[in-house]
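The sequence shown begins at 77 in the working numbering and counts up by one.
Note that CB positions come from ideal geometry on N, CA and C, so glycine has one too.
Just below is one structure, and these are the notes that go with it.
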Amino acid sequence: MLGSLSYHKYYRKRCPKREIQNVFMEIFTMLYNPIGGGVSIYFTICFITNILFVRLSTKWDHLLDLVATSELDEYIDSSMKFKCNFVTVAIMSFSFVEHAIQKTFKILMVYNCHWSDINLHSYQQYLRATYTYAFDLNLPYSIGFGILIQILSLIASFIWSYSHAFIICISFYLTSILELLNKKIISCEGKDLPPSHWRALREDYNRATLLIRSFDDVINSIMFIVTANDLFFVCCQLYYLIGFLIGYEFIVYLIISVIFYTTRFFSVLLIAAKIHTASLVVTPSLYNVATSSYCCEVQRFIEKINGDTVALTGLNFFYTTRDLILSVIGTIVTYELVLLQFQRDQIT
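Listed below in structure tokens is the structure:
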């Protein structure tokens, strides 16, 4: 016994890197394990998201008042309703399909283990394989409990997907205002216009950016938790797709899951980043204003655009821009390489 303790102390002293790797992998496995289904962090995030939407509901009337007083209705895209409905239906439908495929995989996993004895006990085994965390809490099992937890799981899946659809729809609305305003400004390029015209355009731009900031103040917490949660789950699914291939059902589920999560994640980032991109489009047109039309209003307009960052944020920790997307891709690649190296070191 003393010998093994001495060896363990020697091992810890001589191999601190391996100890850190082991601790890291233990934490990672505890947080997310798609085979065992212990995704307690998933339900925690969904619960927090639900609270954030309740908080949002208390400020929604104020946002609608700002939309009404901003007087920017002429810059709203006529196809906005169709875009929002289409995106919402598409995301929620794909979410339901992914959820159904996940449950099918768990059913097949239980069937393969208990194919010769399919009965009500198999349903309990399915619940244990899917909702391990609930049984870890020593909750009493019953068929009613199983049905309830599956309903809650489906609701959580829809809450998670709805947060993405919500951000995309808000981004569509805010981007459309800037894009139509940009078209109006670009159409003035090279024309001899009075200062009052440029003042009106600059004030429209100011009201648009104020509206964007007002929305960001309310939804930046949702944006933050969606980005962090998606980054975590995309990395997890990619890691298990690359490192653990257990049966064709698991491979099919992971491939579909990775495609869905990744597409949804980067769709949110790309569409939200269009707000920042649209806010910078008119700068060249303002620099090309005719000499006879150039005035202090144009100069103030240019300084406003160049000196201000117009974008949705994640709790003001980051701006949702195209540069952020490149950083996220780099983070995912680095994360996967580090985890695969840890796995290889553990095997050897």
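Suppose contacts are defined by Cβ-Cβ distances below 8 Å. Is residue i in contact with residue j by that definition?
i, j, result
"Tyr411", "Cys311", "yes"
"Lys159", "Phe248", "yes"
"Ser369", "Lys267", "yes"
"Leu139", "Ser290", "yes"
"Ile464", "Ile261", "There is simply no residue 464 to check, as the chain begins at 77 and stops at 424 in what is shown."
"His175", "Ser233", "yes"
"Ser355", "Val386", "yes"
"Ala284", "Leu388", "no"
"Leu307", "Val334", "no"
"Arg275", "Ile167", "no"
Suppose the cutoff is 6 Å on Cβ atoms and the five residues either side in sequence are ignored; what does the same chain contact list for residue i look like?
i, result
"Val414", "none"
"Thr407", "none"
"Glu265", "Ser361 and Asn364"
"Tyr151", "Ile253, Leu256 and Leu257"
"Ile121", "Asn305"
"Val99", "Note that Val99 scores 39 on pLDDT, short of 50, meaning its location in the model is unreliable; the coordinates nonetheless yield the value given after this. Same-chain partners within the cutoff: there are none."
"Val357", "Asn258"
"Asp292", "Leu388 and Thr389"
"Leu269", "Ser369"
"Phe162", "none"
For the putative contact between residue i and residue j, defined by C-beta atoms under 8 Å, what is the C-beta separation to the nearest angstrom?
i, j, result
"Val302", "Ile347", "At roughly 12 Å, the Cβ-Cβ gap does not stay under 8 Å, so Val302 and Ile347 are not in contact."
"Tyr202", "Ile183", "6 Å"
"Ala366", "Leu400", "That pair is no contact at about 37 Å."
"Lys380", "Tyr281", "7 Å"
"Thr125", "Ala241", "Wrong, their Cβ atoms sit about 12 Å apart, outside the cutoff."
"Phe181", "Phe326", "6 Å"
"Gly222", "Tyr199", "6 Å"
Do you know whose CA, among the options, lies nearest residue i's CA?
i, options, result
"Gln405", "Ser263, Phe123, Thr206 and Thr338", "In the sequence on display, residue 405 carries Ile and not Gln. Checked all of Ser263, Phe123, Thr206 and Thr338; the closest Cα to Ile405 is Thr338."
"Ile246", "Val357, Leu345 and Phe119", "Leu345"
"Pro271", "Arg376, Phe326 and Tyr118", "Arg376"
"Asp153", "Ser403, Asp292 and Leu250", "Leu250"
"Leu128", "Phe309, Cys371, Phe300 and Thr145", "Phe300"
"Cys371", "Phe162, Asp292 and Arg278", "Arg278"
"Tyr315", "Ser218, Val143, Asp384 and Leu416", "Leu416"
"Asp384", "Leu402, Leu286, Asn161 and Leu269", "Leu286"
Leaving out five residues on either side along the sequence, give the residues of the same chain with a beta carbon under 7 Å from the beta carbon of residue i.
i, result
"Thr397", "Ala349, His352 and Ala387"
"Phe336", "Phe170 and Glu174"
"Ser313", "Reading off the sequence, residue 313 comes out as Gln, not Ser. Taken in chain order, the residues that qualify are Leu330, Ser333, Val334 and Tyr337."
Going along the chain, which residues of its own chain have a beta-carbon closer than 8 Å to the beta-carbon of residue i, five neighbours each way excluded?
i, result
"Ile378", "Thr359, Leu362 and Tyr363"
"Thr145", "none"
"Asn382", "Thr359"
Problem set entry | Touch test, the region 236-250 against the region 159-178, Cβ-Cβ under 8 Å, three pairs minimum | Counting Cβ pairs under 8 Å, three or more are found: they touch.
For this session: Check whether the region 360-376 touches the region 329-336, counting contact only when three or more Cβ pairs, one atom from each stretch, lie closer than 8 Å.
Result: The region 360-376 is not in contact with the region 329-336.
Exercise. Do three or more CB pairs link the region 389-403 to the region 287-299 at distances below 8 Å?
Worked result: With the rule of 3 Cβ pairs closer than 8 Å, the region 389-403 counts as touching the region 287-299.
Problem set entry | contact_flag[the region 218-228, the region 249-262] where n(CB pairs < 8 Å) is 3 or more | Fewer than three pairs of CB atoms, one per stretch, sit closer than 8 Å, so the region 218-228 makes no contact with the region 249-262.
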